[in-house]
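K.L.:
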Amino acid sequence: MPKISIIVPVYNTEKYISNCIESILKQKEKDFELLLIDDGSKDQSGRICDTYATKDDRIKVIHKKNGGVSSARNLGIDHAKGEMIFFIDSDDTVGPDYLKNLEIIDDEDFVQSGVKILENDYLKPIMTHEDIFKDYNQFWMQSRQQWPSMCCLSRKVIEENHLRFDTNLKMGEDGLFNQIFISKCKKIRRTTFNQYYYNSDNLQSASHKFYEDRLEQQLILIAKLEEYFPDKDLNRIRWDYWHEVLNHYYIKGILNNNKIIKKISLKKIKETYKSKSFRKCIPYMRHKGSLDEKLETYFMGYYVHGLFEPILHVIQIGAKLLKR
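16 is the number of the first residue of the sequence shown in the working numbering; add one for each residue after it.
#1: Determine contact between the stretch 209-217 and the stretch 246-260, defined as no fewer than three beta-carbon pairs at a distance below 8 Å.
#2: Of the choices Lys43, Lys75, Phe47, Ala87, whose alpha-carbon is the least far from that of valine 25?
#3: Buried or exposed for glutamine 16, going by 16 or more other Cβ atoms inside 10 Å?
#4: Would you kindly report the start and end of the unbroken beta strand (DSSP E) that includes glutamate 241?
#5: Check the C-beta distance from arginine 204 over to isoleucine 141 and give it rounded, since I have them as a contact under 8 Å.
#6: With C-beta atoms as the reference, is lysine 85 less than 8 Å away from threonine 182?
#7: Could you give the DSSP three-state label for proline 298: helix, strand or coil?
#8: Any idea what DSSP makes of lysine 75, helix, strand or coil?
#9: Does the stretch 22-39 come into contact with the stretch 49-66, if we say contact requires no fewer than three beta-carbon pairs (one atom in each stretch) closer than 8 Å?
#10: Compare the Cα-Cα distances from serine 215 to each of Ser38, Thr108, Lys185 and report the closest residue.
#11: Would you kindly work out how many angstroms separate the C-alpha atoms of leucine 218 and lysine 41, rounded to a whole number?
#12: Roughly how many angstroms lie between the CA atoms of leucine 90 and valine 76, to the nearest whole one?
#13: Looking at C-alpha atoms only, which residue of Ile195, Arg251, Asn176 is the closest neighbour of methionine 300?
#14: Mind reading off the beta-carbon distance from lysine 202 to asparagine 176? Whole number of angstroms is fine, and I expect it under 8 Å.
#15: Taking the DSSP output, what are the residues bridged to cysteine 166?
#16: Do you know how far the Cα of isoleucine 195 is from the Cα of isoleucine 119?
#17: Run through the stretch 250-302 for me and flag every whole alpha helix (DSSP H) of 4 or more residues, listed as ranges in chain order.
#18: Taking 8 Å as the limit between beta carbons, can you name the residues of its chain near glycine 187, skipping five residues before and five after?
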């Protein structure tokens, strides 16, 4: 029985998958199984995985019909045998000490890497369930970027609570999974150690694409959060999620050269401002947000009074002048 299960969802990453696998095989910690879940790749990714499996008996390749990254991760969990689970994206790599430094020790349920821990920080390196939920908004602020990769999770916690990734979500499903997972943890460890290397060059990455239904996806995500945390103050989290939506429609939509995408994005931005869930968190941000965030919430008020389009037009003209 392996100590660690590493789950790697694979889809059309033939340019990167070899580097990913090689970095895992170079780990100083040798007691692991590597589950490569080929999610119906149309390129050579699946064959590359099969070749590696013939050379190392720690590697298991599972080929499945395309169903998305969540379904691939879930299948990996179903087949995992290790006490600990790591998720690594197929276009990313890890350093040789990655597994060794993030292994769960003693009675920990979750280890999170790449966290900047400040002196006198409320968020301590070792945190109990009570510590985490004393101020969950603050925990979220410093932890949101590290999920679900850059973490080590207890398989026992996953199985005892029947946790799986939500296959109905196209984005944000990883953060949702980890937030629910953490709510079941008795003890977690946060460390500044970081040997997870994110590949920002892969244009297939969700961060590079325009999603017309980003607003609808976010509504589902926030509803799920409210369902799982009915008694928690989630305004900080709501704001961050809505801010991501607005940035998505502005950066990938309004600034896009495609006129149709621009039109769709403007419509979606208006719908976002009208959303009850979005407007619910504005008073909180005006009271507790940073200066920039407070100014942003007041700026949004211009939309309510019909001044959104003129201001946006001025911004667009300014952006064009800056490009000259």
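Quick reminder that beta carbons are idealized off the backbone N, C-alpha and C, glycines included.
P.N.:
Taking the structure as given:
#1: By the criterion of at least three beta-carbon pairs nearer than 8 Å, the stretch 209-217 is not in contact with the stretch 246-260.
#2: Ala87
#3: Correcting the residue type first, residue 16 is methionine in the shown sequence and not glutamine. Looking at its Cβ environment, which holds fewer than 16 other Cβ atoms inside 10 Å, methionine 16 is exposed.
#4: That residue, glutamate 241, is in no beta strand (DSSP E); its alpha helix (DSSP H) goes 229-243.
#5: 6 Å
#6: Reading off the sequence shown, one finds serine at residue 85, where the question assumed lysine. Yes. Within cutoff.
#7: helix
#8: strand
#9: yes
#10: Thr108
#11: In this prediction, leucine 218 has a pLDDT of 47, which is less than 50 and means its spatial position is unreliable; what the coordinates show is noted afterwards. Rounded to whole angstroms, leucine 218 to lysine 41 spans 27 Å at the Cα level.
#12: 11 Å
#13: Arg251
#14: 15 Å between Cβ atoms; not a contact.
#15: Gln127
#16: 19 Å
#17: Counting whole runs of 4 or more residues, the stretch 250-302 contains the alpha helix (DSSP H) stretches 250-264, 274-289, 291-295.
#18: Only Gln232, Gln233, Leu236, Tyr256 meet the Cβ criterion.
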